[in-house]
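To start, the structure itself, in structure tokens.
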Amino acid sequence: MASTPNIKSGRLSKQEIDSNFGDLHPPLSRSEALIAADRCYFCYDAPCTTACPTGIDIPEFIQKIRSDNLRGSAHTILRENIMGGMCARVCPTEVLCEEACVRNTHEDKPVDIGLLQRHATDPVFDQNIQLFERAATTGLKVAVVGGGPAGLSCAHRLSMLGHDVVIFNRDSKLGGLNEYGIAAYKTIDNFAQTEVEYILSIGGIEVRNDAELGNTFTLDELRNDYSAVFLGVGLGSVNELGVEKDDLPGVLNAIEYIADLRQAKDLSALPVGKNIVVVGGGMTAVDIAVQSKRLGAERVDIVYRRGAKQMGASRFEQDLAKTSGVGITFWAQPVRVLGDDHITGIEFARTELDGSGKLVTTNESMRLQADTVFKAIGQKLVANTLEALEIEHGRIVVDAEQKTTLNNVWAGGDCVVGGDDLTVSAVQHGKLAAIAIDRQLRC
Ligand SMILES: Cc1cc2nc3c(=O)[nH]c(=O)nc-3n(C[C@H](O)[C@H](O)[C@H](O)COP(=O)(O)OP(=O)(O)OC[C@H]3O[C@@H](n4cnc5c(N)ncnc54)[C@H](O)[C@@H]3O)c2cc1C
Ligand code: SF4
Numbered sequence: 047m048a049s050t051p052n053i054k055s056g057r058l059s060k061q062e063i064d065s066n067f068g069d070l071h072p073p074l075s076r077s078e079a080l081i082a083a084d085r086c087y088f089c090y091d092a093p094c095t096t097a098c099p100t101g102i103d104i105p106e107f108i109q110k111i112r113s114d115n116l117r118g119s120a121h122t123i124l125r126e127n128i129m130g131g132m133c134a135r136v137c138p139t140e141v142l143c144e145e146a147c148v149r150n151t152h153e154d155k156p157v158d159i160g161l162l163q164r165h166a167t168d169p170v171f172d173q174n175i176q177l178f179e180r181a182a183t184t185g186l187k188v189a190v191v192g193g194g195p196a197g198l199s200c201a202h203r204l205s206m207l208g209h210d211v212v213i214f215n216r217d218s219k220l221g222g223l224n225e226y227g228i229a230a231y232k233t234i235d236n237f238a239q240t241e242v243e244y245i246l247s248i249g250g251i252e253v254r255n256d257a258e259l260g261n262t263f264t265l266d267e268l269r270n271d272y273s274a275v276f277l278g279v280g281l282g283s284v285n286e287l288g289v290e291k292d293d294l295p296g297v298l299n300a301i302e303y304i305a306d307l308r309q310a311k312d313l314s315a316l317p318v319g320k321n322i323v324v325v326g327g328g329m330t331a332v333d334i335a336v337q338s339k340r341l342g343a344e345r346v347d348i349v350y351r352r353g354a355k356q357m358g359a360s361r362f363e364q365d366l367a368k369t370s371g372v373g374i375t376f377w378a379q380p381v382r383v384l385g386d387d388h389i390t391g392i393e394f395a396r397t398e399l400d401g402s403g404k405l406v407t408t409n410e411s412m413r414l415q416a417d418t419v420f421k422a423i424g425q426k427l428v429a430n431t432l433e434a435l436e437i438e439h440g441r442i443v444v445d446a447e448q449k450t451t452l453n454n455v456w457a458g459g460d461c462v463v464g465g466d467d468l469t470v471s472a473v474q475h476g477k478l479a480a481i482a483i484d485r486q487l488r489c
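Residue numbers (my numbering): 47 to 489.
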């Protein structure tokens, strides 16, 4: 990639990069936290708790912050969501708990629930305070495939319930997209691994990294060797643009680039283009665009085929892109990549909705100059090892307790039908599956 003209490292100094990749939402001081906590009305039947996919008792944890009981507050959070530390950093709170906060109607500003959650949980990770212990061992072993939020949450809850767990993980580090995907400025200082270590410190969880379902072992083997299996394999492959010349050097997979960025020891050494076009409208599109800009790209444009309201990225994320200097063009979809031996640009057809609400292209087109085009148009399940399961819309079918159609196999996180592709939802799926597995194993 570095051989393509205009793609080079060192566009910004190390100091500039460090400042660009600092904490997006710096933590609250004690006095700021007390002021923020004082704004909570401690609603009965709190709508924020209902809006949190993991059902954290938000008024309870905020009340404990007010009485200086941070440890109790962290327990309230982590007993429902063992990744409450990461979720405090990455949840799109503006469409979850904070959207539901009744302060919005009175003052147009919710209680800072995410920041308060971080205030309560940070000391637990900083000081490695163990808040949970294992129940008496059941002697039963459960296999968890995938060490992302879904798998880790499932493993932790199973361990709390007394089961022994083996996590089989394709990557060489645990954490899934917390480690390899989420924007670097949302989770600084290696927090993903701090959280993983905390989760494992409960005991009873064996980890086998670089172990891939379908390559190192099969689902049938796990079903024979373990009392139950949980699948939290995420979405391992990305959608292609499917247009002329989309294989030219310079057309890149946003997820792979972000993984390299997240693992880079020195971000100023990462090659980045001068003119970048991102195709897509979700969180990945915003993340790659903002991070490219913060690495020193001169011009970054997101192009999305529908309008602002339909964008998967929230209003906050869209604003973050704009304030970071990223341009967003709506209602256009790619028709061809331009260039011969490397890309020079990309052509789009303008789009609109026809009378029946179907997206169609118009006769208008536009071209953008580019040395890099990032594909950020969604991921898909690698389903070829999962033929025995029912798959719908490219994802695994599960019931309300995360059970698949196969006996003794549960699944959760991004790989299942009906999710919203958020860390917090993956954590909830893992937790629900562990509770259901425990119930079945005790019958
Ligand atoms: C770029 C990007 C940014 C995002 N930003 C946010 C955000 O800001 N906030 C938010 O809430 N959500 C965000 N998300 C979504 C969030 O990261 C996911 O919803 C969440 O990580 C899903 O968790 P998971 O455990 O289902 O899967 P993953 O996190 O994808 O983890 C899957 C795990 O399974 C392992 N695995 C895969 N295949 C196999 C196999 N065959 N055998 C064994 N192991 C396997 C992998 O090694 C990995 O550890 C983002 C996603 C992306 C792509
Ligand atoms: S986990 Fe996320 S949605 Fe739930 S209370 Fe915390 S920040 Fe809000």
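Beta carbons are placed, not taken as given, at the ideal position from N, Cα and C, and that holds for glycine.
Regarding residue i and ligand 2, is the C-beta to nearest heavy atom distance less than 7 Å?
| i | result |
| --- | --- |
| valine 470 | yes |
| glutamine 415 | no |
| alanine 134 | yes |
| asparagine 255 | no |
| leucine 142 | yes |
One question on the structure: do residue i and residue j come within less than 8 Å of each other, judged by their Cβ atoms?
| i | j | result |
| --- | --- | --- |
| alanine 82 | valine 157 | yes |
| glutamate 393 | arginine 382 | yes |
| valine 336 | leucine 366 | yes |
| glycine 280 | cysteine 89 | no |
| glycine 288 | glycine 476 | no |
| valine 323 | leucine 405 | no |
| histidine 165 | isoleucine 104 | no |
| aspartate 484 | leucine 198 | no |
| leucine 294 | glycine 391 | no |
| glycine 118 | glutamine 163 | no |
| alanine 434 | tryptophan 456 | no |
| serine 205 | isoleucine 251 | yes |
| glycine 319 | alanine 343 | yes |
| valine 297 | lysine 426 | no |
Any heavy atom of ligand 1 closer than 7 Å to the beta-carbon of residue i?
| i | result |
| --- | --- |
| proline 99 | no |
| valine 279 | yes |
| lysine 421 | no |
| aspartate 271 | no |
| arginine 216 | yes |
| cysteine 461 | yes |
| asparagine 299 | no |
| alanine 232 | Residue 232 is actually lysine in this sequence, not alanine. Because some heavy atom of ligand 1 lies under 7 Å away, the Cβ of lysine 232 counts as near it: yes. |
Quick test of your reading: residue i and residue j, contact by CB under 8 Å. State the CB separation rounded to the nearest angstrom.
| i | j | result |
| --- | --- | --- |
| asparagine 224 | alanine 238 | 4 Å |
| glycine 328 | glycine 424 | 7 Å |
| serine 360 | lysine 339 | 18 Å between Cβ atoms; not a contact. |
| arginine 203 | isoleucine 481 | 7 Å |
| glycine 326 | tyrosine 350 | 7 Å |
| isoleucine 234 | glycine 68 | 7 Å |
| valine 190 | alanine 201 | 5 Å |
| leucine 246 | valine 253 | 7 Å |
Does at least one heavy atom of ligand 3 sit under 7 Å from the Cβ of residue i?
| i | result |
| --- | --- |
| isoleucine 104 | The ligand content of the structure shown is limited to ligand 1 and ligand 2, which means ligand 3 is not among them. |
Can you give, in chain order, each stretch of the alpha helix (DSSP H) that sits fully within the region 432 to 484 and has at least 4 residues?
none
Jot down the residue ranges of each uninterrupted alpha helix (DSSP H) in the region 271 to 307, minimum 4 residues, whole runs only, in chain order.
none
Return the chain-ordered ranges of every beta strand (DSSP E) run that is complete within the region 295 to 370 and spans a minimum of 3 residues.
297 to 299, 321 to 325 and 345 to 349
What are the uninterrupted segments assigned as alpha helix (DSSP H) that are 4 or more residues long and contained completely in the region 135 to 177, given in chain order?
143 to 146, 149 to 153 and 159 to 172
Tell me the start and end of each unbroken alpha helix (DSSP H) in the region 216 to 265 that is at least 4 residues and wholly inside, in chain order.
223 to 226 and 237 to 246
Quick check on the DSSP output: what are the complete beta strand (DSSP E) runs of length 3 or more inside the region 381 to 416, in order along the chain?
389 to 399 and 405 to 415
What ranges does the beta strand (DSSP E) occupy inside the region 180 to 219, keeping only unbroken runs of at least 3 residues that lie completely in it?
187 to 191 and 210 to 214
Whole alpha helix (DSSP H) runs in the region 49 to 104 with 4 or more residues, listed along the chain?
60 to 66, 76 to 84 and 93 to 97
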